[in-house]
Structures are given as C-alpha cells and as structure tokens.
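First the structure, in the form of structure tokens, and then the observations on it.
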C-alpha cells in the first residue's frame with residue numbers, strides 16, 4: 008500500500024531529527040517508524056544538507072552514529088544551493104546568530120528545500136515581530 012507521504016520529498020532540519028530521536032519517537036519504542044524513515048532515505052525522499060550532519064556530529068551519541076550510517080541522506084551543497092544561501096542571508100542577515108561558534112544548517116535547509124524542491128521539516132516556530140527570523144519566516 009502506498010502511503011500519502013510517499014508522494015513528496017522532505018528536507019529535514021537538525022531539530023526535527025533530534026526531537027524525533029530523543030523526545031517524540033525514540034527508535035527503541037518506535038522501530039517500525041524508523042524503518043519507514045530509513046525507507047524514505049533509501050528512496051531519496053528524505054534528505055538534509057550536509058550541514059545538518061555537521062550539527063549532529065557536535066555530540067557523539069546514538070543519533071550521530073545513526074546519521075553517519077545513513078550518510079547518503081546528507082547532500083553536499085551545489086552551486087544553486089550556495090547561491091540560494093547567499094540570497095537568503097542577504098534578505099535575512101540575522102537568520103544565523105553572529106557569534107555562533109558551531110555550524111548552522113538553517114540557511115542550507117531552506118536552500119535545499121527550494122532547489123530540490125522538498126517540503127522543509129522543522130520544529131522551529133515563526134518568530135514574532137522584531138524577533139530573529141527562523142526557518143518558517145523564510146520558507
């Protein structure tokens with residue numbers, strides 16, 4: 008049986024993967040869900056920019072090990088994506104925190120979602136007036 012979500016491609020943000028893995032649907036409790044997620048990865052329907060992997064690797068845990076095992080989902084940026092990132096940061100210069108010392112995948116998630124095209128999956132919420140823009144403010 009073909010599931011409705013199989014008709015789309017998805018570009019997932021770091022926070023969505025972290026929340027799925029650690030809080031909402033842990034792999035030890037929901038193994039069949041993670042098998043479906045892995046099926047989406049194998050079919051090329053679930054992707055993320057390489058920068059998401061870089062963020063996940065900041066902590067050496069089971070999720071980062073899982074991510075390395077599924078390295079094919081992490082797409083290196085091409086020129087179209089880099090051009091999109093430049094445009095995004097030109098329009099939303101505060102999307103990335105100025106003093107942040109760890110990788111920030113947000114503009115790359117947005118760019119990959121636009122160039123593929125793919126539905127962007129994030130747990131971020133729209134920032135209010137005067138707040139630093141978040142992924143939902145940009146997509």
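In our numbering, the protein residues as written are 8 to 146. Yeah, the Cβ is synthetic: ideal placement off N, Cα and C, and Gly gets one too. All values derive from a computational prediction rather than experimental measurement.
8 Å or more divides the Cβ of residue 121 from the Cβ of residue 98.
Separation of residue 28 and residue 135 (C-alpha to C-alpha, rounded to the nearest whole angstrom) is 28 Å. Counting the other Cβ atoms within 10 Å of the Cβ of residue 124 gives fewer than 16, which makes it exposed. Runs of the alpha helix (DSSP H) lying entirely within the region 58 to 107, each at least 4 residues long, are 69 to 76, 86 to 98 in chain order.
Scanning its chain for C-beta atoms nearer than 7 Å, with the 5 sequence neighbours on each side dropped, one finds around residue 140 the residues 99, 101, 102, 134, in chain order.
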